Each structure stands twice: as structure tokens, then as C-alpha cells.
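Comments concern the structure below.
Residue numbers (the numbering used here): 4 to 383.
What follows is the structure in C-alpha cells.
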């Protein structure tokens, strides 16, 4: 079963709204006295379902509705700005990780708090289209800071019953500060749409870049560098009891300088104590316990890490098959081929991650010092 993007970014409305991402907009926007502020969703039934999975963290955001009616939206695709109009400021690592202060949304506080509306942004070209909305290149008018604006349509979100996923994505991603995790600077909404203000990753998805490589695979050194970056981000997440649960090339973006960044936290959970049972993610990347619907822990991300390492090196997922049943059987039996061209250190690392028993998978701290990583990606 192929792992192409199951989000199916298509069949959405034309670019009548903005969408996007940014690098440390919090620091730049604060310097320009435009820290972001936002409102609680006012969509009917746009509340957690009451299950363990969908229950939001206490007091993560308690915000009023937008103070005024939304700006009218153009009825046609906005013109794409000139190539030199959207200039992204250079952001150092300290700024990238600097925590934002203030409201629970991480978008500003006190007298500098700002309520965002669509009129605050110049809208550029579409970066992606999907079933629930679009993503656009955008620029904050006052600071000229370039972002990606992710626009979700409330009607589709409600119809598909994914309100809790959207809320969870905001609650988790807006509080994360790591150079290899896509930043969320804020969010706002109007009567029909939800807008997520995100860091702009100009390199696009790792999946798209993979398709441009000979044999749809990367050189071993580049693979190790990407895996090393991902390990650093996952250690950070797991230390904060966040499980991503949907690691795959489509959900990994490339920022300035080619740095890998984890994105799309719609399936992630913050679970300090208990295990999870929800089936989520892409089948090619699901662990045995997840495809069986069994309780699972942060060790599911270790399995996905092994699947990703294999795909980046070989050009296909290790359990890829033509049908669901075949893929399921290969996952449950942990049956995959090791190509003769794969180095022994790489094969060893993958074999220690693709282990059926979750507690026997190699811990991330050990992956970070594995000989394969040390040989190809050690920057010390």
C-alpha cells in the first residue's frame, strides 16, 4: 500500500484566503510590537468529544471571540507577489527556540497583545491544497515577515468530525520550541475559516524532495543527517510527553539551509501517563501494536523512525505492498528485505527500531550515538 499523502490536498476552494508558516515570527513580530492574539473557535459543536484522546489540556487557551466582523474575502485568487517581495529574515537558533510569553496561545500578551485578522496579511501563492482547506504563502503587512498560512474550512472540519484534531494540533504545536519542529506562531478565525500562522519552510516536503532523487532515495550521508535531526526533535517531544504518531516524509518539511522540521501535529497527543488505542497515521508507517488497535506509547515513533530510515535509503517503505492485507501481514511478521547495497551499520540500526515488541526498540538516546549516525551525521 503506497504511502502517498493520505491528506489528499485537493478539491478545495480557490485561494480566497491566506495560509502559511514562519521562522521565529514571535521574535520578529514582538520586535515590531505585533505579537499575535487569537480567539476561541465559535463553531457549533466545535468542542472536544469527551474522549481521552480529544480532551484538551486545562486552560491551554480561554479566549474571547473575534472582536469584530471578519474582513471581506476576495472572490478570486489573489495575485502572486513579485519574487523579491517576500523576504524572509535570518533567524538564529536562540531566536528560533525563544519561548513566547503571554497568552496560552503563545501569540502575545498584555498591552502588546494583537488580535489577528486576514487583513493583517498579504496573500501569496498556494503552497498546498487539501480536503479541509489550503496553505498559502503570506506576509504580515507591518513587519514584512513571511509565513505560511494554513486555512481550514469549519464546515468540512465539522462534517468530518475532526474538531478535536484541529484543537489538539493548536494546543500542542503552539507550545513547542525546537529548531527541527515547525513553529506555530498563532491562530485566528472568522465565521467560516480557521487560520493557523505557521513557520514558512521554503524547501517543501521531504517527500517531494525524495521524488527528485535518483531511485527516489538519498545518499547515505544525507539520510543519516535527516535521521539525526529527526531524533533530536523526537527526544524533545518525548521529554514533554508528546507522541507524534504520524512520522512520514509528507509530514516533514525542509527549512532554510535544508534543516528538517516535523510538521502536521493533527494526530499527535500529549499523554503523560496512559497509553493510546486510536488507529491513526499511514499504514506503511504504522507499528504492529497500532494496526492491531492495541494500546501504544511513544515507542510507536521509534518504529516510524525505522521505517523512514529504510525508505530514505532504499526508495520505498519496507512493508510496502499492493494491498492492505499484504501490508498488514508484512508489518505483523516484521518481514522486509535488506538490499545488498545497504551498509551493515544502517541495516543494524533499522533492525533495532523495527522490533515487534515496543519496549525492545532502541531508545532515541541510543540512536543518537549509533555508529551509523556518528559516522555520517556527527557534527561535533
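Note that the Cβ used here is the ideal one computed from N, Cα and C, for glycine as well.
All figures in this text were calculated on a predicted structure; none of them were measured in a lab.
Simplified DSSP assignment, three categories, for residue i
| i | result |
| --- | --- |
| residue 328 | helix |
| residue 345 | coil |
| residue 131 | strand |
| residue 366 | coil |
| residue 311 | helix |
| residue 153 | strand |
| residue 338 | coil |
| residue 373 | coil |
| residue 39 | The predicted model places residue 39 with a pLDDT of 36, which falls under 50 and marks its position as unreliable; any figure quoted below should be read in that light. If DSSP states are grouped into helix, strand and coil, residue 39 belongs with the strands. |
| residue 53 | Reliability of the predicted coordinates at residue 53 is poor, the pLDDT of 36 falling under 50, and the value obtained from them is presented with this limitation in mind. If DSSP states are grouped into helix, strand and coil, residue 53 belongs with coil. |
| residue 319 | coil |
| residue 178 | coil |
| residue 304 | helix |
| residue 333 | helix |
| residue 380 | coil |
| residue 168 | helix |
| residue 160 | helix |
| residue 357 | coil |
| residue 286 | helix |
Check whether residue i and residue j have beta carbons under 7 Å apart
| i | j | result |
| --- | --- | --- |
| residue 375 | residue 350 | no |
| residue 206 | residue 318 | no |
| residue 141 | residue 126 | yes |
| residue 197 | residue 155 | yes |
| residue 266 | residue 367 | no |
| residue 251 | residue 300 | no |
| residue 237 | residue 304 | yes |
| residue 150 | residue 200 | yes |
| residue 373 | residue 352 | yes |
| residue 324 | residue 333 | yes |
| residue 264 | residue 137 | no |
| residue 226 | residue 311 | no |
| residue 188 | residue 173 | no |
| residue 124 | residue 145 | no |
| residue 255 | residue 289 | no |
| residue 291 | residue 359 | yes |
| residue 370 | residue 234 | yes |
| residue 204 | residue 152 | no |
Local Cβ density within 10 Å of residue i, reported as buried at 16 or more and exposed below that
| i | result |
| --- | --- |
| residue 340 | exposed |
| residue 321 | buried |
| residue 327 | exposed |
| residue 344 | exposed |
| residue 249 | buried |
| residue 379 | buried |
| residue 72 | Residue placement at residue 72 cannot be trusted, given a pLDDT of 42 that sits under 50; what the coordinates show is reported in the next sentence. Burial call: exposed. |
| residue 381 | exposed |
| residue 365 | buried |
| residue 222 | exposed |
| residue 158 | exposed |
| residue 162 | exposed |
| residue 129 | buried |
| residue 330 | buried |
| residue 362 | exposed |
| residue 307 | buried |
| residue 220 | buried |
| residue 275 | Residue confidence for residue 275 is low, a pLDDT of 49 falling below 50, so the modelled location carries little weight; the figure read from the coordinates is stated next. The residue in question, residue 275, is exposed, as its Cβ has fewer than 16 Cβ neighbours within 10 Å. |
| residue 176 | buried |
| residue 253 | buried |
| residue 2 | Lying before the first or after the last residue shown, residue 2 is absent from the chain, which here runs from 4 to 383. |
| residue 231 | buried |
| residue 302 | buried |
| residue 296 | exposed |
| residue 260 | exposed |
| residue 194 | exposed |
| residue 242 | exposed |
| residue 338 | exposed |
Residues sharing a beta bridge with residue i, DSSP
| i | result |
| --- | --- |
| residue 137 | 132, 154 |
| residue 143 | 124 |
| residue 184 | 265 |
Beta carbon proximity, residue i to chain D, threshold 7 Å
| i | result |
| --- | --- |
| residue 125 | Going by chain labels, chain D is absent from the structure shown, which holds only one protein chain. |
Task: Completely contained alpha helix (DSSP H) runs for the region 187-275, where each covers 4 or more residues - done: 209-214, 223-242
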